[in-house]
Structure formats: structure tokens, C-alpha cells
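Working notes for the structure below.
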Amino acid sequence: MAREEAMIVAGVGCRRDTSADEIEKVVRMALGLFDLPVERLEAIATESEKALEPAFPEVARRLSVKLIACTALDLDKVAGRVLTPSKLVLKAKGLPSIAEASALVVAGREGRLLGTRVASERATCAIAVGEGR
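In the numbering used here, the protein residues as written are 341 to 473.
Here's what the structure looks like:
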């Protein structure tokens with residue numbers, strides 16, 4: 341699967357009540373790290389509870405992408421594939437990752453992370469490529 345043809349997914353985790361501006365900033369930062377234009381992004385993925393926060397649909401609207409909510413069960417299934425487990429997320433959610441795991445879930449079975457997650461003050465973002473789930 342060539343990167344030019346692959347689905348690009350941004351997995352995002354954040355603290356409660358993080359602003360849309362902060363989430364958009366970390367997504368753009370992560371895409372820039374891999375020289376990917378925002379126009380290549382197909383979806384933002386996050387844990388289902390996080391997806392209910394107002395900032396997530398706002399960022400998806402701003403970037404003209406889908407917002408995909410992942411269940412804890414889905415995130416747990418890819419736990420062994422994350423690159424940088426988070427002790428904070430493990431303690432709070434019982435999962436090793438939200439950003440990296442949600443990107444992997446939406447990228448599909450053959451999806452892979454382009455690198456470790458990046459972090460801003462209140463959010464993290466990981467970029468995955470794949471054929472989608």
C-alpha cells in the first residue's frame with residue numbers, strides 16, 4: 341500500500357474540555373511532522389467518550405473530515421501495537437493509549453503508525469495509514 345493511496349487517520353487524545361483550537365493545533369503539528377497536507381487527512385479518531393466533547397465535531401468540521409468514535413473494546417484490541425503507552429491513560433481508562441490506538445483502529449487491520457504520538461499542552465495526536473476498517 342503506497343502512502344499516497346492510503347487512508348490517513350489522526351488519532352487524538354486529550355484532557356477533558358480541551359479547546360477545538362488546541363486539538364486542531366496538535367493534529368496539524370502531527371501531520372506536518374510527516375509532511376502530510378491537511379487535505380490528505382480522512383478522519384479524526386478518538387475514544388467514544390471523548391468524541392462527545394464539543395471540540396471534536398468542531399475540529400472535524402473545520403478540517404472537513406469524518407469524526408470516528410472508537411469503543412474501549414476496539415482500543416484494547418490494538419493495545420499491543422501502540423508505540424508509546426501512557427501511564428496516565430492506563431490509570432484513567434484502563435487502556436494503554438487513546439491517540440495511537442484510535443488511529444490504528446480506524447486505519448484498519450493492516451494500518452500502521454507513522455511514528456509516536458506528538459503532544460501539545462493538553463492533547464496528543466498520532467498519525468496512522470491504512471486501508472480503513
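Glycine residues also receive a C-beta, built at the ideal position from the N, C-alpha and C atoms. Since we're looking at a predicted model, the values are computed, not measured.
| Asked | Found |
| --- | --- |
| Going by beta carbon distance, what residues of the same chain come within less than 8 Å of T456, once the five residues before and after it are set aside? | L423, T424, E440 and A466 |
| Can you tell me whether T464 is buried or exposed, with buried defined as 16 or more other CB within 10 angstroms of its CB? | buried |
| Relative to the C-alpha of A400, which candidate in P377, A432, C410 and A360 has its C-alpha closest? | A360 |
| Measuring CA to CA, which of L435, L403 and T358 is closest to E393? | T358 |
| What are the residues that DSSP puts in a beta bridge with A385? | G351 and I408 |
| How many Å lie between L376 and G470 at the Cα? | 14 Å |
| Have a look at E345, E450, L373 and A383 and flag the residue whose alpha-carbon is nearest the alpha-carbon of R402. | A383 |
| G372: buried (16+ other C-beta within 10 angstroms of its C-beta) or exposed? | exposed |
| Going by alpha carbons, who is nearest to F327 out of I408, D414, L454 and A443? | Because the chain is modelled from 341 through 473, residue 327 falls outside the range shown and cannot be assessed. |
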